[in-house]
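*Asks:*
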Amino acid sequence: MIPSAPASAESGKPPCGAGADGISRPNGPLFHRLQAYLYQTSTVTSPEAELPSSSGGASPELERILKLPAFESLGEAIQSRRAFWSGSSLPYERAKQRKYARLANQLWDRIQSRDWYYLSDLLAETRMDNRPVMRVLRRWSDAGIIELRNLTPGSSRKHAIEYGFRRLLPSSVPLPEILYRQNRKEYLEESAKWQNDR
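When the letters of the sequence shown are read in order and numbered with our numbering, they come out as residues 1 to 198.
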């Protein structure tokens, strides 16, 4: 008969069998031989979890621009994005922010020069929906990275909305990471502001 682990431990012999004490021996020779074949997990962080210093992973040129008084609102927009990702935002809010960030990157790649671009031309080229593009352009305007002009003649209900815009940052500067997601109150305030600016 094979002695149980407690009985063999009392007699001074190493435990025998598959008891909890005999399964894991981190100091045993077999453990050291298998160490090279064991999978080591590493912590994977998402891009949103990596919160850079002050400018959202900015290039040195953007860091320099953020120190200028004219781009104070851009610094605030970057900080609000950092607060959003470090705070307790809901999964659907994070998904919406990612969606708008992807759209913003696509638009930013299309406006490389400081020439004037027009919303109708951009929508015709890309076949994107008007509302998400308008949100991105308005956020950029609020952050001070583009100049945005409302060119819609008369009431927007009777005419197609038209905006002209041009970038204010040099073409060597990548798109700053800002917050695009809005709650209902922010959306209504922004809509009222842009209606009053007409």
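Don't be surprised by glycine CBs; every beta carbon is placed ideally from N, CA and C.
Apart from the five residues just before and just after LEU151, which ones in its own chain have a Cβ nearer than 7 Å to its Cβ?
*Replies:* Excluding residues within five positions, the ones whose Cβ falls inside 7 Å are GLU162, TYR163 and GLY164.
*Asks:* With a 10 Å radius around its C-beta and 16 neighbouring C-beta atoms as the bar for buried, classify PRO176 as buried or exposed.
*Replies:* Buried.
*Asks:* Considering GLY154, what are the terminal residues of the beta strand (DSSP E) in which it resides?
*Replies:* Note, GLY154: premise wrong, no beta strand (DSSP E); not H, not E.
*Asks:* Excluding sequence positions up to five away, which residues of its chain have a Cβ less than 7 Å from the Cβ of LEU168?
*Replies:* If we look at LEU168 and ignore the five residues flanking it on each side, its Cβ neighbours are GLY144, ILE145, ILE146 and GLU147.
*Asks:* DSSP three-state label for GLY75, please.
*Replies:* Here GLY75 sits in helix by DSSP.
*Asks:* Please state whether DSSP places ARG166 in a helix, a strand or coil.
*Replies:* Looking at ARG166 - three-state DSSP - the assignment turns out to be strand.
*Asks:* May I have the straight-line CA-CA distance separating LEU96 from SER171, to the nearest angstrom?
*Replies:* The residue asked about is misnamed: residue 96 is Lys in this sequence, not Leu. Going from the Cα of LYS96 to the Cα of SER171 covers about 27 Å.
*Asks:* Kindly provide the ranges of any alpha helix (DSSP H) runs that are 4 or more residues long and lie completely inside the segment 72-137, ordered along the chain.
*Replies:* Fully enclosed alpha helix (DSSP H) runs of 4 or longer: 72-86, 91-110 and 119-126.
*Asks:* Drop a sphere of 10 angstroms on the beta-carbon of ARG110, count the other beta-carbons inside from all chains shown, and report buried for 16 or more, exposed for fewer.
*Replies:* It counts as exposed.
*Asks:* Let me know the secondary structure DSSP gives ILE65 once reduced to three states.
*Replies:* In the structure shown, ILE65 sits in a helix (DSSP, three-state: H, G or I).
*Asks:* Mind checking which residues open and close the alpha helix (DSSP H) that includes ARG33?
*Replies:* Element bounds for ARG33: 29-34.
*Asks:* Answer with buried or exposed for ARG82, where buried requires no fewer than 16 other C-beta atoms within 10 angstroms of its C-beta.
*Replies:* Result: buried.
*Asks:* Can you give me the C-alpha to C-alpha distance between LEU62 and GLU76, rounded to a whole angstrom?
*Replies:* Looking at the two C-alpha atoms, the distance is approximately 14 Å.
*Asks:* Near GLN182, what residues of its chain come up, given a Cβ to Cβ distance below 8 Å and the 5 sequence neighbours on each side ignored?
*Replies:* Taken in chain order, the residues that qualify are ARG135 and GLU190.
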